[in-house]
Amino acid sequence: MDNRAFESDPQCPISIDSSKHVYTNAGGNGTTLSNRNGSIKGPSEKVKIEENVGLKREVGLTGSIAMIVGTMIGSGIFVTPGGLLGKVGSVWLSIVIWILCGIVSTFGAMAYIELGTVVPSSGAEYSYLLEAFGPVSGFMFCWVSTLILKPASIAIACLAVAQYSVDPFVDDVKDVEGATKFICVVSIFILTYINCRSVKLATQVQIIFTIAKLVAIAVIIAGGIYKLTNGHTENLQFTFKGSNWHFGNLASAFYSGLWAYDGWNQLNYITEEIKEPYRNLPRAVLIGLPLVAVCYVLVNISFLTLISPEEMISSPSVATLYGNRLLGIFSFLMPLSVVLSTFGSANGTEFTSARLCYVASREGHLVDFLCYIDVIRNTPSLALMFNSLVAILMALVLDINALIDFFSFTAWIFYGAAIAALIRLRYKLPDAYRPFKVPIVIPYFMVLLSAYLVAAPIIDDPSIEYLYSALFMLGGLVVYIPFVQYKLVLPGTNKLTVFLQLMFNVAPPSLSDANSDSPPAKITTNGKLKE
Numbered sequence: 001m002d003n004r005a006f007e008s009d010p011q012c013p014i015s016i017d018s019s020k021h022v023y024t025n026a027g028g029n030g031t032t033l034s035n036r037n038g039s040i041k042g043p044s045e046k047v048k049i050e051e052n053v054g055l056k057r058e059v060g061l062t063g064s065i066a067m068i069v070g071t072m073i074g075s076g077i078f079v080t081p082g083g084l085l086g087k088v089g090s091v092w093l094s095i096v097i098w099i100l101c102g103i104v105s106t107f108g109a110m111a112y113i114e115l116g117t118v119v120p121s122s123g124a125e126y127s128y129l130l131e132a133f134g135p136v137s138g139f140m141f142c143w144v145s146t147l148i149l150k151p152a153s154i155a156i157a158c159l160a161v162a163q164y165s166v167d168p169f170v171d172d173v174k175d176v177e178g179a180t181k182f183i184c185v186v187s188i189f190i191l192t193y194i195n196c197r198s199v200k201l202a203t204q205v206q207i208i209f210t211i212a213k214l215v216a217i218a219v220i221i222a223g224g225i226y227k228l229t230n231g232h233t234e235n236l237q238f239t240f241k242g243s244n245w246h247f248g249n250l251a252s253a254f255y256s257g258l259w260a261y262d263g264w265n266q267l268n269y270i271t272e273e274i275k276e277p278y279r280n281l282p283r284a285v286l287i288g289l290p291l292v293a294v295c296y297v298l299v300n301i302s303f304l305t306l307i308s309p310e311e312m313i314s315s316p317s318v319a320t321l322y323g324n325r326l327l328g329i330f331s332f333l334m335p336l337s338v339v340l341s342t343f344g345s346a347n348g349t350e351f352t353s354a355r356l357c358y359v360a361s362r363e364g365h366l367v368d369f370l371c372y373i374d375v376i377r378n379t380p381s382l383a384l385m386f387n388s389l390v391a392i393l394m395a396l397v398l399d400i401n402a403l404i405d406f407f408s409f410t411a412w413i414f415y416g417a418a419i420a421a422l423i424r425l426r427y428k429l430p431d432a433y434r435p436f437k438v439p440i441v442i443p444y445f446m447v448l449l450s451a452y453l454v455a456a457p458i459i460d461d462p463s464i465e466y467l468y469s470a471l472f473m474l475g476g477l478v479v480y481i482p483f484v485q486y487k488l489v490l491p492g493t494n495k496l497t498v499f500l501q502l503m504f505n506v507a508p509p510s511l512s513d514a515n516s517d518s519p520p521a522k523i524t525t526n527g528k529l530k531e
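Start counting the sequence shown at 1; every next residue gets the next number (full-length UniProt numbering).
This is the structure in structure tokens:
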């Protein structure tokens, strides 16, 4: 990919001069080009751009914590506890699993802190695999994530928003399905608008919804503490009787718990937009992860003060059942809390997913225009629209839950590979500046755990769908070789790119580094650039 295409293509009707921050009409045929600022006429008229085109550092420490906490706490903690308990068979083994999942997620996030400071680029796993193992591994990740994992995560979150919004008001199953999909699509449109509008607005929305979900969790925990002090402890007798220690069941339980914790890596997708990333990335992670882990354990204990293990296992929404018994006439607040929580999580996923498209496109692994930036708002609007379009198609057409079930194991392939990249970079870049250095035993442990989580469900319950998932991953090579390695361009791509530039007022990121706070990619311990 050549980001200069917008500037140098003789057929492109407008060009951008990064040093002067202007659009120039390059057409000499007297045609009029529409622009958000008005019409551009003649070969020399210019439209001034106030700033360099690119993403800015607008996410501070509070926004960073909200991004982690708000993305992690979605619908999982409200619906997963019963399923996890059913897989392990005993209350205290389930609580131990929740604690262990919190520790595992914290270990993973600590490894990602080091990765985020050694490779201070947005894109998380994509950037780390690219730096450590080369372009093929990076492309394989963006192939699966941009087409399946990220859009499906957005779709599932918005379907959950819709489901909890519709259920209290609609009884007919057919009406529920139609209303659910409609609200899901509307939710995705709203998220897209918020994130296209400005980074500041998206961050403020994330902070507001994070506060709302923490208030809801505080109500659940306060209710649990009140019930415990009144002797509601019969479901919390300390025993592991009835525990299921089967290899496959434990792996499945870990999957359920880790799904609720998923999002611990989201901040690394926006490293280039974090203010003072060397300070705020570690702080946000080390504040956010323990906070979520403590909340999850206390929420599970609180549920058990009013709900028996048998009821928890059979209930499709533990939080709703708990709210009915705790809040009485105000029980409607619980499904409302789930809606707010899930919408906030979807907003965080929408925000970070676009940055993966942006970085992969910037590196030439996706079509060029996905890295183009709105010249007024400095948001990756085309990447946001692409993610949303795929998410809408998934929500309307596919069985997304089945799709995620068989692709979730690929997520742990890439988690393990990214943490293996940390080990590789310890040798490849031994002198790189590491303000946070994780004990080496943690990445080795995480790689082994990732291998277990990938292998366990396949060994326990072999299915042809796992083969399909693996073939889809390998199918990325069919795209990589002609379109990335040999840079094949489909007919009409340039015309489409120009149309999108004019339609949405976007341009490639500035060739010069517009962000003076951006850290160098490789820094020695002496603070000098390493070639």
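We put the beta carbon where it would ideally sit given N, CA and C, even for glycine.
Check: Output needed for G138: all residues of its chain with C-beta closer than 6 Å, excluding positions within five of it in sequence on either side, in chain order.; Outcome: Y126, L129, L130
Check: Q237: which of L149, I301, V119, P443 sits nearest, CA to CA?; Outcome: I301
Check: In this structure, how does DSSP classify A451 when only helix, strand and coil are distinguished?; Outcome: helix
Check: Whose CA, out of I440, Y415, I207, A152, lies closest to the CA of L398?; Outcome: A152
Check: Is there contact here, the segment 192-202 with the segment 106-117, by at least three beta-carbon pairs under 8 Å?; Outcome: no
Check: With DSSP as the reference, label I190 as helix, strand or coil.; Outcome: helix
Check: Given that a residue counts as buried once 16 or more other Cβ atoms are within 10 Å of its Cβ, and exposed if not, what is V47?; Outcome: With a pLDDT of only 41 at V47, under the threshold of 50, the placement of this residue in the model should not be trusted, and no figure is reported.
Check: In the segment 219-280, which residue ranges form an unbroken beta strand (DSSP E) of at least 3 residues, counting only runs that do not cross its ends?; Outcome: none
Check: For L85 and I442, what's the separation of their Cα atoms in angstroms?; Outcome: 27 Å
Check: Run through DSSP, which three-state label would N374 get?; Outcome: According to the sequence shown, residue 374 is Asp rather than Asn. Three-state DSSP puts D374 in a strand.
Check: Taking contact to mean 3 or more Cβ pairs, one atom from each stretch, closer than 8 Å, check whether the segment 350-368 and the segment 227-235 are in contact.; Outcome: no
Check: How many angstroms separate the CA atom of L201 from the CA atom of I307?; Outcome: 39 Å
Check: From the DSSP output, in three-state form, read off V367 for me.; Outcome: coil
Check: What is the DSSP secondary structure of A432, counted as helix, strand or coil?; Outcome: strand
Check: State the DSSP-derived secondary structure class of V166, mapped to helix, strand or coil.; Outcome: helix
Check: By DSSP's criteria, A507 is part of a beta bridge. Which residues make up the other side?; Outcome: I373
Check: Give me the Cβ distance between C142 and I188, rounded to the nearest whole Å; I'm assuming they're in contact under 8 Å.; Outcome: Rounded, the Cβ-Cβ distance is 21 Å, inconsistent with contact.
Check: My output table needs one value for V489: the three-state DSSP class, helix, strand or coil.; Outcome: coil
Check: Among L382, L449, I73, which residue has its Cα nearest to the Cα of V498?; Outcome: L382
Check: Excluding the 5 residues preceding and the 5 following L298 in the sequence, name in chain order all residues of the same chain whose CB lies nearer than 6 Å to its CB.; Outcome: I221
Check: Tell me whether the beta-carbon of V69 lies closer than 8 Å to the beta-carbon of L291.; Outcome: yes
Check: Using beta-carbon positions only, say whether F504 and D368 come within less than 8 Å of one another.; Outcome: no
Check: Buried or exposed for V489, please, with buried defined as at least 16 other CB atoms from any protein chain shown within 10 angstroms of its CB.; Outcome: exposed
Check: If you follow the alpha helix (DSSP H) that P309 is part of, which residue opens it and which one closes it?; Outcome: 309-314
Check: Looking at the secondary structure, which residues open and close the alpha helix (DSSP H) in which residue 545 lies?; Outcome: For the chain, the structure presents residues 1 to 531; residue 545 sits outside this window and is missing.
Check: To which residues does DSSP link V96 through a beta bridge?; Outcome: Per DSSP, none; premise fails for V96.
Check: Do you know how far the Cα of S353 is from the Cα of Q206?; Outcome: 15 Å
Check: Enumerate in chain order the residues of its own chain whose CB-to-CB distance from Y452 is below 8 Å, with the five nearest sequence positions on each side excluded.; Outcome: A251
Check: Inspect the CB distances between the segment 268-277 and the segment 58-68 and report whether three or more fall short of 8 Å.; Outcome: yes
Check: Flag this pair as touching only if the segment 85-95 and the segment 322-332 have three or more C-beta atom pairs under 8 Å; answer yes or no.; Outcome: no
Check: Do you know offhand how far T71's Cα is from G288's?; Outcome: 11 Å
Check: Rounded to whole angstroms, how far is the Cβ of I73 from the Cβ of S345, which I believe are closer than 8 Å?; Outcome: 7 Å
Check: For F240, count neighbouring C-beta atoms within 10 Å of its own C-beta (all shown protein chains included) and say buried if the count is 16 or more, exposed if not.; Outcome: exposed
Check: Less than 8 Å between the beta carbons of V339 and V219, yes or no?; Outcome: no
Check: Considering only their Cβ atoms, is the gap separating I183 from S165 smaller than 8 Å?; Outcome: yes
Check: Which same chain residues, not among the five before or five after T349, have their C-beta less than 8 Å away from its C-beta?; Outcome: T71, K150, S153, I154, A157, G263, Q266
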